[in-house]
Structure formats: structure tokens, C-alpha cells
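Counted the way the numbering used here counts, the sequence shown spans residues 24 to 381.
Heads up, the beta-carbon is just placed ideally off N, CA and C, and yes, glycines get one too.
Just so it is clear, the structure is predicted and the values come from calculations on it, not from any experiment.
See structure below.
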Amino acid sequence: MSDIPVLQIGKYKPRYPLIQGGMGVDISGPNLAGHVAALGAIGTIASVGLAHNSPLFVPEKHNYFEANEVVVKEAVQKAKSIAGPGGIIAVNCMVALTDYDRQVKAAAEGGADIIISGAGLPLRLPDYTKDFPDVALVPIVSSAKAASLITRHWEKKYNRLPDAFVVEEPATAGGHLGATTIEQVYDPALRLENALPEVVKYVADEMKSDIPVIAAGGIWDKGDLERVFALGAKGVQMGTRFACTFEGDASDRFKQAYIDAKEEDVVLIHSPAGLPGRAIKNPFVAKYLEGSVESKPCFANCLTHCRYRKTKETFCIAAALVDAQVGNWETGLFFCGSNVVKAHKIEHVKDIIAELFE
Ligand SMILES: Cc1cc2nc3c(=O)[nH]c(=O)nc-3n(C[C@H](O)[C@H](O)[C@H](O)COP(=O)(O)O)c2cc1C
Numbered sequence: 024m025s026d027i028p029v030l031q032i033g034k035y036k037p038r039y040p041l042i043q044g045g046m047g048v049d050i051s052g053p054n055l056a057g058h059v060a061a062l063g064a065i066g067t068i069a070s071v072g073l074a075h076n077s078p079l080f081v082p083e084k085h086n087y088f089e090a091n092e093v094v095v096k097e098a099v100q101k102a103k104s105i106a107g108p109g110g111i112i113a114v115n116c117m118v119a120l121t122d123y124d125r126q127v128k129a130a131a132e133g134g135a136d137i138i139i140s141g142a143g144l145p146l147r148l149p150d151y152t153k154d155f156p157d158v159a160l161v162p163i164v165s166s167a168k169a170a171s172l173i174t175r176h177w178e179k180k181y182n183r184l185p186d187a188f189v190v191e192e193p194a195t196a197g198g199h200l201g202a203t204t205i206e207q208v209y210d211p212a213l214r215l216e217n218a219l220p221e222v223v224k225y226v227a228d229e230m231k232s233d234i235p236v237i238a239a240g241g242i243w244d245k246g247d248l249e250r251v252f253a254l255g256a257k258g259v260q261m262g263t264r265f266a267c268t269f270e271g272d273a274s275d276r277f278k279q280a281y282i283d284a285k286e287e288d289v290v291l292i293h294s295p296a297g298l299p300g301r302a303i304k305n306p307f308v309a310k311y312l313e314g315s316v317e318s319k320p321c322f323a324n325c326l327t328h329c330r331y332r333k334t335k336e337t338f339c340i341a342a343a344l345v346d347a348q349v350g351n352w353e354t355g356l357f358f359c360g361s362n363v364v365k366a367h368k369i370e371h372v373k374d375i376i377a378e379l380f381e
């Protein structure tokens, strides 16, 4: 590739302009993030639900949030030790989580270099990291309007600007999508070719800043990188391709589900969080779409707005995501991006990075 941009987020400058996106629950844990960072890209741990398999979490004690704090810190430290000196570790914290503030603080205390935050507007993020001025703050947005709302709020309230934006396209990305309805997922205004240049223009013309804008959603190969760099992106965030790596923290069964997935298996669902999500149509999702799914009980009160907890509609998403992570094909929720159909084998992180940049 002729023109590879230089990515700088706050004081952090990776060798490659690539972020491995945060993927919960425990799809991008410390192992994946650490290995990505060791190779010169930015590795991201998803903070959500990391305590699910920790001995510190004792359901009878209702201590999920306390356990999460400890586990998030330990995960950052583990990722840092795998990454080695200079390795850049980010933590992805979702605004929609009940313990969002505690997860952000734990990530910063644990030594995270960057906090990446979406699934809602991270309006109070600078408050939660005020004791850690070196931690770079990166909102995930799907439009210039969202970028402007966050920037104006941060500037007025905290005298702080974002260190970068990730612009994520709902039409292709994995996990929860930055759209309010399923119809809006394919809104042309939210496609990268429209939203990305708009955010780039907003940063240059209105913020009068040169913070990087990073593209996410549907990025798989060198051609995709060239496409978004030409639109003004200074970096890319990739999820789905990294979920199916040897270093990925999910079970082999999770990765096999990616390899097996065909076009017709990739569907959109209404998540209990009130956002659309993209997932593989396995027996669990098929039953959910038919209206006959049986949920496991809520185990952690993890979402501020949860339709399952409130009205018993939908299902416990934490339990379903954990089931997918450990490889329960029948009962898991296997989040994926639309590019899951391109996963034909489990790859090594180093081969992906070499293929993209060398
Ligand atoms: C299995 C899975 C879980 C995800 N979980 C999260 C998450 O916890 N928080 C978040 O902000 N984004 C999450 N994402 C989105 C990714 O970080 C990434 O931005 C997105 O998947 C990029 O699109 P791609 O998968 O086409 O590369 C998830 C994606 C996948 C595939």
C-alpha cells in the first residue's frame, strides 16, 4: 500500500494504524488484545462481563460489579505483560452498562492507555478518567451529529476534547449497532462513505483539530483499508476478523461457528438493550426470532435499560453471550459482523497484520 497513514491517539502512536475492536463477552480478552499490541497495532479488551468465569464472582453474594472491577484491572495488566514494552492496550467500555463508570475507572487504574466507548453517548467519560490525564478517550459514533454533541458537552463541562473518533457503520459491523431501529441500520447516511467524510470534515472545520478519525465496520482486507483511507480515515478498527484467530479469547466452538456461517445465517435482532444487533442465526436466535425463546435468569443487572429485566421480554443477554463464548451452540448469542462469511479458517494475528500492511 502506498500511503499508510500515521495514527496518533493522544500520546500513543502504534506502528500500524489498526485497532482490534473490543468484543464482548470475552471474545477480545487479554490474550487477543495483548498479542495484537505486541505486534504493533492497538489491542482492545472488551470490559463487559469479564467476571463471568472468575472465582471472584459468587452469584449468591451478588458481587458481580465488584468482581468485574478487579477482573478488568487484572485483564489490562495481563494484556500489557503479553504486549511487552510499548504495547498499546485499549479497553472498550459500553455506556449502556450499569457499572460503566466503575469499569472505566478500573480500566484506567489497571493501566489502560486508551478507553474506547460507544453503545450510547459517552458524555461523562472525562469525569471518570479525570485522575488519569494520559488515558486517551475515544468515542464511537455513527454520525457527525453525535461527534458534535459529545465534543460540545466535553468542552463545556470538562474542558477536554476527544483524542479520536471511531466511526462505526451499522450496515456491516458486529455486536450492538449504532442505530435506533433495524430499518436505520441500512440508512445510507450512516454508511462509511457518507458518515466518515462528514466526521472528518467536522473535526477539521468545526473542531479545527487534527485528531484522527478511525473507520469501523466491514473492514477485512487491504482493499477495504485503501477504501477508507481514501475517505479520510487515519486508521481502522476491525472486529470480526480478529474474533476468529488462534489468539482470540473465545472457545474453538465460537470460532467454528464463524467458519460455518453463510450469508443467510447472518441476521439482525432487537437486543434486550434496545439496540439492533447482528448475530449468527443459530437455534437460540432462530427461536428468539420466532418468539419462542427461553431465557436463562438475569444474573447481574448488567444493563441500565434491559427489556428482559423490566418486562421479561427478550432474554438475558449476558447469559447468552457467555454461552456463545464458551461454545454452547444451542443457547448462545453469537454476535458477528457481516464479514463473518469471509472467515474460512482460524488465523494467526501476525498473519492478518502482515497481509494488511506488509
Ligand atoms: C462478537 C463481537 C462482539 C462485539 N462487542 C462489542 C463491545 O462489547 N463493545 C463495542 O463497542 N463493540 C463491540 N463490537 C464491535 C467491534 O468492536 C467492531 O467495532 C466492529 O465489529 C467492526 O466491524 P467488523 O466486525 O466488520 O470489523 C463487537 C463485535 C463483535 C463481532
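With a CB to CB cut of under 6 Å and the five nearest residues on each side skipped, what residues in its chain are close to Ile163? If we look at Ile163 and ignore the five residues flanking it on each side, its Cβ neighbours are Gly141, Val189 and Glu191.
Looking at the structure shown, is His371 part of a helix, part of a strand, or coil, going by DSSP? If DSSP states are grouped into helix, strand and coil, His371 belongs with coil.
What would DSSP say about Asn351, mapped onto helix, strand or coil? Secondary structure of Asn351 (DSSP, three-state): coil.
Say whether the segment 93-107 touches the segment 42-56, bearing in mind that this needs 3 or more beta-carbon pairs closer than 8 Å, one atom from each stretch. Yes, they touch.
Within this structure, are the beta carbons of Val316 and Phe338 separated by less than 8 Å? Between Val316 and Phe338, the gap from beta carbon to beta carbon is short of 8 Å.
Do Glu92 and Arg125 have their beta-carbon atoms positioned less than 8 Å apart in this structure? A contact, by the Cβ cut-off of 8 Å.
Output needed for Arg332: all residues of its chain with C-beta closer than 6 Å, excluding positions within five of it in sequence on either side, in chain order. Hits under 6 Å: Cys321.
Any heavy atom of ligand 1 within a distance shorter than 7 Å of the CB on Cys359? At least one heavy atom of ligand 1 is found less than 7 Å from the C-beta of Cys359.
Within the same chain, show all residues whose beta-carbon is closer than 8 Å to that of Asn324, passing over the 5 residues directly before and after it, in chain order. Excluding positions up to five away in sequence, the list reads Tyr87, Thr121 and Arg332.
Residue from Glu229, Leu344, Ala64 and Tyr181 whose Cα sits closest to the Cα of Tyr35: Looking at the Cα atoms, Ala64 is the closest of the given residues.
Could you check if Ile376 belongs to the surroundings of ligand 1, using beta carbon to heavy atom distance under 7 Å? For Ile376, the shortest separation between its Cβ and any heavy atom of ligand 1 does not lie below 7 Å.
Comparing the CB of Gly45 with every heavy atom of ligand 2, is any distance shorter than 7 Å? By its list of ligands, the structure shown excludes ligand 2, since it contains just ligand 1.
Alpha carbon to alpha carbon, how far is Val349 from Glu221? Our two residues, Val349 and Glu221, have alpha carbons roughly 40 Å apart in a direct line.
Ligand 1 heavy atoms versus the CB of Met117: any closer than 7 Å? Correct: Met117 has its Cβ closer than 7 Å to ligand 1.
By DSSP, does Arg175 sit in helix, in strand, or in coil? Arg175 falls in the helix class under three-state DSSP.
Contact check, Arg301 vs Trp352 under 8 Å by CB: the rounded distance? The Cβ separation is near 18 Å, so there is no contact.
So what's Ala58 in DSSP terms, helix, strand or just coil? Looking at the sequence shown, residue 58 is not Ala but His. In the three-state DSSP reduction, His58 falls in the helix class (H, G or I).
Which listed residue (His371, Val345, Lys373 and Asn362) has its alpha carbon closest to that of Ser77: Looking at the Cα atoms, Val345 is the closest of the given residues.
For Leu115, which beta-bridge partners are listed by DSSP? The amino acid occupying residue 115 in the given sequence is Asn; Leu does not appear at that position. According to DSSP, Asn115 bridges with Ala69 and Ile139.
Taking Cβ positions, are Ile234 and Asp272 nearer each other than 8 Å? No, the pair does not count as a contact, with Cβ atoms beyond the cut-off.
Is Asn438 near ligand 1, judged by its Cβ being under 7 Å from some heavy atom? The first residue shown for the chain is 24 and the last is 381, placing residue 438 beyond what the model contains.
Measuring from the CB of Ile340, is there a heavy atom of ligand 1 at a distance below 7 Å? Outside the cutoff, so no.
Whole beta strand (DSSP E) runs in the segment 160-232 with 3 or more residues, listed along the chain? Listed in chain order, they are 188-191.
At a cut-off of 7 Å, would you count Gln13 as near ligand 1, judging by its Cβ distance to the nearest heavy atom? Because the chain spans 24 through 381 in this model, residue 13 falls outside it and cannot be assessed.
Other residues of its chain near Leu146: CB distance less than 6 Å, five sequence neighbours each side excluded: For Leu146, the CB contacts under 6 Å within the same chain, skipping 5 residues up- and downstream, are His176 in chain order.
By a C-beta neighbour count over all protein chains shown, 10 Å radius and 16 as the cutoff for buried, is Asp305 buried or exposed? First, the residue type needs correcting, since residue 305 is Asn and not Asp in the sequence shown. Buried.
For Val158 and Ile138, believed in contact at Cβ under 8 Å, the rounded distance: Right, their Cβ atoms sit about 6 Å apart.
Excluding sequence positions up to five away, which residues of its chain have a Cβ less than 6 Å from the Cβ of Ala167? If we look at Ala167 and ignore the five residues flanking it on each side, its Cβ neighbours are Glu221, Val222 and Tyr225.
Classify Phe358 as helix, strand or coil using the three-state DSSP reduction. The answer is strand: DSSP assigns Phe358 an E or B state.
Helix, strand or coil at Pro299 [DSSP, three-state]: The DSSP-derived three-state label of Pro299 is strand.
Nearest neighbour of Asp154, chosen from Tyr181, Ser171 and Leu30 [CA to CA]: Each of Tyr181, Ser171 and Leu30 was checked against the Cα of Asp154, and the nearest Cα belongs to Tyr181.
Run through the DSSP bridge pairs and tell me what Leu30 is partnered with. The partner list for Leu30 (beta bridge, DSSP) is empty, contrary to what the question assumes.
Ala382 to Lys96 span [Cα, whole Å]: The chain is shown from 24 up to 381; residue 382 falls before or after that span and cannot be answered.
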